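Peer 1:
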Amino acid sequence: MGITLTNLFANWPSENIAVFSNGIDYETIKKIRPCDVCIGTPRKTYPIRNNESFKSKIRNYIRNIYVRLGINELKYKPSFLEEDLQQVRAFNPEIIFTALGSIESMERTKLLMSKFPESNLVIYIVDDWVNTRCKEKYFSAYWTQRFDKSFRDLLQLSSGNLSICSSMSESYLKQYGKYFVPFHNPVDIDYWNSLDTVSKYSNDIKSILYLGKINKDTKPCILDLAQVVDELNKEGYNYVFDVYSPDSRANVNLLSQYDGCNLEDAISHEFVPSLMKGYNSLFLPLGFSDESRRYVRLSMPTKLSEYLASGKPTILYCPEEIALAKYVISKQCAIVCTENNREKLKEAVVSLTDQKYYDQQVQIALSVAKEHDFTIVRERFKKTLLSFVK
Numbered sequence: 077m078g079i080t081l082t083n084l085f086a087n088w089p090s091e092n093i094a095v096f097s098n099g100i101d102y103e104t105i106k107k108i109r110p111c112d113v114c115i116g117t118p119r120k121t122y123p124i125r126n127n128e129s130f131k132s133k134i135r136n137y138i139r140n141i142y143v144r145l146g147i148n149e150l151k152y153k154p155s156f157l158e159e160d161l162q163q164v165r166a167f168n169p170e171i172i173f174t175a176l177g178s179i180e181s182m183e184r185t186k187l188l189m190s191k192f193p194e195s196n197l198v199i200y201i202v203d204d205w206v207n208t209r210c211k212e213k214y215f216s217a218y219w220t221q222r223f224d225k226s227f228r229d230l231l232q233l234s235s236g237n238l239s240i241c242s243s244m245s246e247s248y249l250k251q252y253g254k255y256f257v258p259f260h261n262p263v264d265i266d267y268w269n270s271l272d273t274v275s276k277y278s279n280d281i282k283s284i285l286y287l288g289k290i291n292k293d294t295k296p297c298i299l300d301l302a303q304v305v306d307e308l309n310k311e312g313y314n315y316v317f318d319v320y321s322p323d324s325r326a327n328v329n330l331l332s333q334y335d336g337c338n339l340e341d342a343i344s345h346e347f348v349p350s351l352m353k354g355y356n357s358l359f360l361p362l363g364f365s366d367e368s369r370r371y372v373r374l375s376m377p378t379k380l381s382e383y384l385a386s387g388k389p390t391i392l393y394c395p396e397e398i399a400l401a402k403y404v405i406s407k408q409c410a411i412v413c414t415e416n417n418r419e420k421l422k423e424a425v426v427s428l429t430d431q432k433y434y435d436q437q438v439q440i441a442l443s444v445a446k447e448h449d450f451t452i453v454r455e456r457f458k459k460t461l462l463s464f465v466k
């Protein structure tokens with residue numbers, strides 16, 4: 077979400093934006109938000125602990141129970157420091173923009189709106205947390221009702237609502253009777269087109285890149301592709317599958333048994349475009365478990381627009397009922413495997429050895445990427461926000 081908001085607000089005058097947050101990190105805010113005013117208590121830092129120790133495992137186990145019981149939410153009483161409220165008054169916002177994400181953030185936003193009723197509340201939802209996080213807790217029926225009521229209360233206060241994609245807008249219109257204008261992460265097409273393509277490997281190697289987290293949702297998919305690549309290499313093909321992830325150190329041996337598969341540390345986002353252009357194709361997986369399906373059902377990955385703009389075909393591996401699959405299938409802008417089946421995934425990978433089909437996929441993706449261009453999306457975003465101001 078951070079990159080999406082940075083891109084959407086990038087051409088706004090910095091003096092027109094203030095960030096108000098609990099546990100605010102001033103240095104990070106200055107880097108990713110074009111704002112002159114930061115309001116809130118600075119974030120506390122804690123020493124990094126060894127999560128592999130017995131004590132840490134016990135601590136994490138207890139913390140998980142604590143979280144699933146919702147103790148923090150039950151104890152939470154929203155409040156603001158008077159000095160922070162004075163800064164908000166001095167800034168005098170026309171719009172209070174929030175992405176919410178929890179019971180605490182909803183209660184905090186309600187209190188803030190009671191202090192500044194003349195401001196226009198705009199809600200931006202980037203994933204279906206309001207209907208999924210409650211399912212992760214004990215006594216989920218209670219938490220489902222609690223999340224739903226808090227969210228509906230806020231919708232009564234909002235002047236306008238935004239979503240991450242059209243599928244979410246359609247679903248929320250049915251569920252809440254409110255229209256959410258869809259906005260996905262925009263991309264600078266001119267910048268991507270200006271980059272030179274420097275191949276990571278020689279021309280006889282078919283290279284596939286995955287950039288992102290390795291977690292319970294993505295790990296099975298990554299291993300499926302690793303096995304596919306291993307099998308293809310044993311059959312005489314010459315494939316490489318590289319994974320760049322912030323979770324590489326915790327999964328150091330994940331790909332060691334698969335021929336042609338490599339695991340690397342994550343790189344800074346500024347170097348991502350050049351890296352992506354150096355590969356033959358890109359891998360975009362979302363999990364097939366019931367929990368994953370629920371959580372990503374209405375989500376749209378930030379990286380999709382960048383994948384489309386890269387000039388490289390995307391291999392999408394995910395359930396067919398989720399918003400991402402529906403969008404990509406409707407646009408025909410990626411090679412899609414919607415079955416949790418390695419043989420089907422293998423067919424998708426091998427299909428790109430047909431150069432005519434490969435080139436066709438590149439052209440379609442680049443055409444669709446133009447719909448997410450900075451210039452178009454930012455102007456529409458600005459006009460939409462201004463339309464919410466009473």
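If you use my numbering, the sequence shown closes out at 466, no skipped numbers anywhere. Quick reminder that beta carbons are idealized off the backbone N, C-alpha and C, glycines included. Please read these numbers as outputs of a predicted model, since none were measured by experiment.
Looking at the C-beta of residue 154, does it have a partner C-beta in chain D at a distance below 7 Å?
Peer 2: Given the protein chain composition of this structure (a single chain), no chain D is represented.
Peer 1: What separation, rounded to the nearest whole angstrom, lies between the Cα atoms of residue 265 and residue 323?
Peer 2: Going from the Cα of residue 265 to the Cα of residue 323 covers about 29 Å.
Peer 1: Per DSSP, what are the beta-bridge partners of residue 341 in this structure?
Peer 2: According to DSSP, residue 341 bridges with 321.
Peer 1: Between the segment 165-174 and the segment 136-154, can you find at least three pairs of beta-carbon atoms closer than 8 Å?
Peer 2: Counting Cβ pairs under 8 Å, fewer than three are found: no touch.
Peer 1: Among 338, 257 and 129, which residue has its Cα nearest to the Cα of residue 198?
Peer 2: With distances taken between Cα atoms, residue 198 lies closest to 257.
Peer 1: Buried or exposed: where does residue 142 fall if 16 or more other Cβ atoms within 10 Å of its Cβ makes it buried?
Peer 2: Looking at its Cβ environment, which holds fewer than 16 other Cβ atoms inside 10 Å, residue 142 is exposed.
Peer 1: Strictly by DSSP, which residues pair up with residue 94?
Peer 2: According to DSSP, residue 94 bridges with 113.
Peer 1: Can you name the start and end residues of the beta strand (DSSP E) that residue 361 belongs to?
Peer 2: Where residue 361 is concerned, the enclosing beta strand (DSSP E) stretches over 357-361.
Peer 1: Taking the DSSP output, what are the residues bridged to residue 263?
Peer 2: Residue 263 pairs with 449.
Peer 1: Whole angstroms are fine: how far does the CA of residue 395 sit from the CA of residue 422?
Peer 2: Answer to the nearest angstrom: the Cα atoms are 16 Å apart.
Peer 1: Buried or exposed: where does residue 253 fall if 16 or more other Cβ atoms within 10 Å of its Cβ makes it buried?
Peer 2: Exposed: under 16 other Cβ atoms inside 10 Å.
Peer 1: So, helix, strand or coil for residue 220, using DSSP?
Peer 2: Residue 220 falls in the helix class under three-state DSSP.
Peer 1: Distance, Cα to Cα, residue 389 vs residue 273?
Peer 2: Those two C-alpha atoms are separated by around 14 Å.
Peer 1: From which residue to which residue does the beta strand (DSSP E) around residue 239 run?
Peer 2: Start and end: 234-239.
Peer 1: My understanding is that residue 287 touches residue 379, with C-beta atoms under 8 Å, so please give their C-beta distance in whole angstroms.
Peer 2: Indeed they touch by this definition, with Cβ atoms about 7 Å apart.
Peer 1: Going by C-alpha distance, which of 268, 248 and 334 is nearest residue 308?
Peer 2: Closest option to residue 308, Cα to Cα, is 334.
Peer 1: Among the residues of its own chain, which have a CB less than 6 Å from the CB of residue 424, if the five just before and after it don't count?
Peer 2: If we look at residue 424 and ignore the five residues flanking it on each side, its Cβ neighbours are 391, 411 and 413.
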